[in-house]
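Colleague: One structure, as structure tokens, below. Some questions next.
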Amino acid sequence: MLALTRKKGETIVINDDIEITILGTNGDQVKIGISAPKHIPVFRKEIYEQIQSENKESVNNNFDLLKNYKK
Amino acid sequence: MVLETKNLGTVEYTQEEIITFEKGILAFEDEKEYLVLRNQETEFYYLQSISNPENTFIIVDLKDVMPSYDPEVDVDQLADLGNIDNNLCVFNMCTLKDSLEEMTVNLLGPVVINMDTKKGKQVVVAKDNGYTVKHKLFK
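Here is the structure:
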């Protein structure tokens with residue numbers, strides 16, 4: 002992983018069209034501004050990880066239980 | 008065509024019924040082709056992997072069971088599905104383990120399918136609105 006040190010207000014540019022700016026810090030929290038083309042989705046990694054892990058739990062469940070379902 | 012599935016027995020299908028997930032679904036990125044099969048006795052559907060006949064998911068159209076669900080999805084995320092003006096279906100993945108009462112549904116990562124282009128994608132909602140990946144369907 003590339004590690005860069007930036008100060009508040011400084012920016013990193015990725016691939017000409019993505020800009021990441023350090024907006025500020027507060028204790029161990031870092032506020033980041035991201036400017037990217039609309040077709041590039043930006044999400045917190047935890048959300049992706051939650052969905053990945055839930056998908057793994059959703060596969061091949063107890064299908065027989067659906068037989069007890071009443072509309 | 009015929010698919011010998013592990014969970015649903017023998018399934019017959021046609022080329023037109025194949026839904027292609029170009030990016031797979033999260034954690035199953037290598038499996039690109041699926042069938043959406045109705046569970047005739049209930050409001051649920053199955054998302055059956057063709058790429059790996061051992062993998063089946065339970066999915067639900069929440070319009071039927073949770074009408075208040077209103078996911079906000081960035082239109083740009085849907086660009087790879089082709090024309091999104093019509094015939095989009097939204098399903099949510101269910102987790103059913105010990106009992107029906109404990110069944111949960113993933114509200115953060117809906118599966119969007121364009122029934123015209125037969126392309127599907129699992130997207131991440133733009134705003135979580137308090138949604139979780141483990142929402143209890145029957146409270």
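Note that the protein sequences, when read in sequence, are chains A and B. To convert a position in the first sequence, counted from 1, into the working numbering, add 1. To convert a position in the second sequence, counted from 1, into the working numbering, add 7. Here a beta-carbon is modelled for each residue, glycine too, at the ideal position from N, C-alpha and C. Every value quoted in this text rests on a predicted model; they were computed, and no experiment measured them.
Only counting the same chain, and skipping five residues up and downstream in sequence, which positions put a Cβ closer than 6 Å to that of R45 of chain B?
Modeller: Within the same chain, R45 of chain B has close Cβ partners Y52.
Colleague: Between the segment 74-94 of chain B and the segment 30-43 of chain A, do three or more beta carbon pairs fall short of 8 Å?
Modeller: Output reads yes: the segment 30-43 of chain A touches the segment 74-94 of chain B.
Colleague: Can you pull the chain B neighbours of E58 of chain A, defined as C-beta to C-beta under 7 Å?
Modeller: Those are T102, listed as they occur along chain B.
Colleague: Which of helix, strand or coil does DSSP assign to I48 of chain A?
Modeller: The answer is helix: DSSP assigns I48 of chain A an H, G or I state.
Colleague: For Q22 of chain B, which of helix, strand or coil comes out of DSSP?
Modeller: Three-state DSSP puts Q22 of chain B in a helix.
Colleague: What is the residue span of the beta strand (DSSP E) that K128 of chain B lies within?
Modeller: That run of the beta strand (DSSP E) goes K126 to Q129.
Colleague: Please classify E36 of chain B as buried or exposed, where buried requires at least 16 other C-beta atoms within 10 Å of its C-beta.
Modeller: Exposed, by the Cβ-count rule.
Colleague: Looking only at its chain, what residues have a beta carbon closer than 7 Å to the beta carbon of G12 of chain B, apart from the 5 residues adjacent to it on each side?
Modeller: Gly is not the amino acid found at residue 12 of chain B; the sequence shown has Thr there. Contacts found: V18, Q55, P60 and T63.
Colleague: DSSP beta-bridge partners for T5 of chain B?
Modeller: Since the first residue of chain B shown is 8 and the last is 146, residue 5 of chain B is not available in this structure.
Colleague: Determine the closest residue to E23 of chain B out of B:K125, B:V80 and B:D77, with distance taken between C-alpha atoms.
Modeller: Comparing Cα-Cα distances from E23 of chain B to each of B:K125, B:V80 and B:D77, the minimum goes to B:K125.
Colleague: Looking at C-alpha atoms only, which residue of B:E48, B:N90 and B:V80 is the closest neighbour of F64 of chain A?
Modeller: Closest option to F64 of chain A, Cα to Cα, is B:E48.
Colleague: Return helix, strand or coil for E40 of chain B, following the three-state DSSP convention.
Modeller: E40 of chain B falls in the strand class under three-state DSSP.
Colleague: So, at 7 Å on beta carbons, what are the nonlocal neighbours of A133 of chain B in its own chain, with the 5 sequence-adjacent residues on each side left out?
Modeller: Hits under 7 Å: E79, V80 and D81.
Colleague: Does any C-beta atom of chain B lie closer than 7 Å to the C-beta of E50 of chain A?
Modeller: By this cut-off, E50 of chain A is not an interface position.
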